[in-house]
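Just so it is clear: in the sequence shown, position 169 is 219 by the working numbering, and no numbers are missing.
Inspection log for the structure reproduced underneath, given as structure tokens.
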Amino acid sequence: MPKDKLKKGEATRLAIEDAAIELFLKQGYAATSMRQIADEVGLALGGIYNHFSSKDEIFEGIIVDKHPYKQILPAVLAAEGDTAEDFYKNAAHIVISEMGKRPEFMNLMFVEMVEFKGKHGAVLLKEIAPKILPVFERVVKSRKNLRVTNPALLMRSFIGLVVSYLMTEMIISNSIVSKLMPKNSEDAYIDIFLHGILKPSE
């Protein structure tokens with residue numbers, strides 16, 4: 051297949067994903083039809099099936115192709131810190147900041163959890179784990195005083211830190227609870243992740 055045709059096909063695929071994102075966020079996954087997505091892109095219904103076999107496949111493509119990790123990973127790799135604590139704080143601030151710029155992706159992750167029970171997570175992890183896991187393997191090898199030394203568990207807990215912070219931030223943003231938060235709530239949240247809520251026993 052000619053290179054320019056490949057580029058055109060990829061451009062159409064991404065345009066379909068962009069249109070689907072708009073519709074999914076506006077009216078929900080279940081209420082969105084393949085015909086609506088095709089109309090939004092300006093394709094005949096049959097034309098959309100040249101790129102995706104189903105609406106589910108479009109959603110899976112969005113989760114993989116549009117995930118902001120491609121922009122975030124280089125910044126995390128460059129995160130500095132003489133200690134594990136410094137590294138985690140810097141890396142967490144970077145990821146929370148970058149993900150915070152993409153609220154639509156967090157909304158899509160809610161769709162993923164409600165509509166699909168997280169089934170596309172395995173596809174996403176197949177894509178990103180080989181690139182992210184080495185970061186945590188290096189942390190284990192180079193940082194001292196780690197209570198957890200399983201890189202996969204460190205990766206999972208770090209993802210949990212970011213997702214839980216962003217989710218709760220969305221939930222409390224327009225509530226009285228947000229006014230009760232300390233000014234440095236992000237730092238405090240990361241500190242809880244690193245040290246827990248209990249003081250060390252004497």
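Yeah, the Cβ is synthetic: ideal placement off N, Cα and C, and Gly gets one too.
Here the structure is a predicted model, which means the values were calculated and not measured.
Tell me whether residue i sits in a helix, a strand or coil according to DSSP, three-state version.
| i | result |
| --- | --- |
| Ala-172 | helix |
| Val-198 | coil |
| Lys-181 | helix |
| Pro-250 | coil |
| Glu-60 | helix |
| Leu-230 | helix |
| Ser-192 | helix |
| Leu-93 | coil |
| Lys-167 | coil |
| Glu-187 | helix |
| Asp-237 | helix |
| Asn-100 | coil |
| Asp-132 | coil |
| Thr-82 | coil |
| Ser-214 | helix |
| Ser-207 | helix |
| His-143 | helix |
| Lys-120 | helix |
| Asn-224 | coil |
Rounded to whole angstroms, what's the CA-CA distance from residue i to residue j? Just pull it up for me.
| i | j | result |
| --- | --- | --- |
| Asn-100 | Met-149 | 32 Å |
| Phe-160 | Lys-249 | 34 Å |
| Ile-209 | Ser-103 | 31 Å |
| Lys-57 | Lys-191 | 42 Å |
| Ala-134 | Gln-77 | 43 Å |
| Ser-225 | Gly-59 | 45 Å |
| Phe-243 | Met-163 | 23 Å |
| Arg-197 | Asp-241 | 15 Å |
| His-170 | Ser-251 | 42 Å |
| Pro-124 | Thr-82 | 35 Å |
Hey, would you say residue i sits closer than 8 Å to residue j, going by beta carbons?
| i | j | result |
| --- | --- | --- |
| Leu-93 | Arg-85 | no |
| Ile-144 | Val-173 | no |
Kindly indicate which residue of the options has the alpha-carbon position closest to the one of residue i.
| i | options | result |
| --- | --- | --- |
| Met-156 | Glu-219, Val-189, Leu-183 | Glu-219 |
| Tyr-119 | Ile-146, Asn-140, Glu-60, Asp-241 | Ile-146 |
| Ala-61 | Asp-115, Lys-76, Ala-81, Ser-83 | Asp-115 |
| Arg-63 | Val-91, Ala-81, Gln-77 | Val-91 |
| Lys-181 | Met-205, Val-198, Asn-224 | Met-205 |
| Ile-122 | Glu-110, Asp-89, Val-185 | Val-185 |
| Asn-195 | Ile-112, Ser-223, His-245, Asp-237 | His-245 |
| Lys-167 | Leu-203, Leu-230, Glu-110 | Glu-110 |
Could you pull out every residue in the same chain whose Cβ sits closer than 8 Å to the Cβ of residue i, ignoring the five residues on either side in sequence?
| i | result |
| --- | --- |
| Phe-137 | Ala-129, Glu-130, Gly-131, Val-189, Arg-193 |
| Ile-87 | Ile-66, Ala-69, Ala-70, Leu-73, Ile-98, Lys-105, Ile-108 |
| Val-212 | Ala-142, Val-145, Ile-146, Met-149 |
Got a sec? Which residues, its chain only, sit under 6 Å from residue i by beta carbon, not counting five neighbours each side?
| i | result |
| --- | --- |
| Glu-165 | Tyr-79 |
| Lys-139 | Ile-240 |
Residues in the same chain with beta-carbon distance under 7 Å from residue i, minus the five sequence neighbours each way, listed in chain order, please.
| i | result |
| --- | --- |
| Tyr-239 | Tyr-215 |
| Glu-177 | Val-114 |
| Pro-201 | Leu-183, Phe-186, Glu-187, Val-190 |
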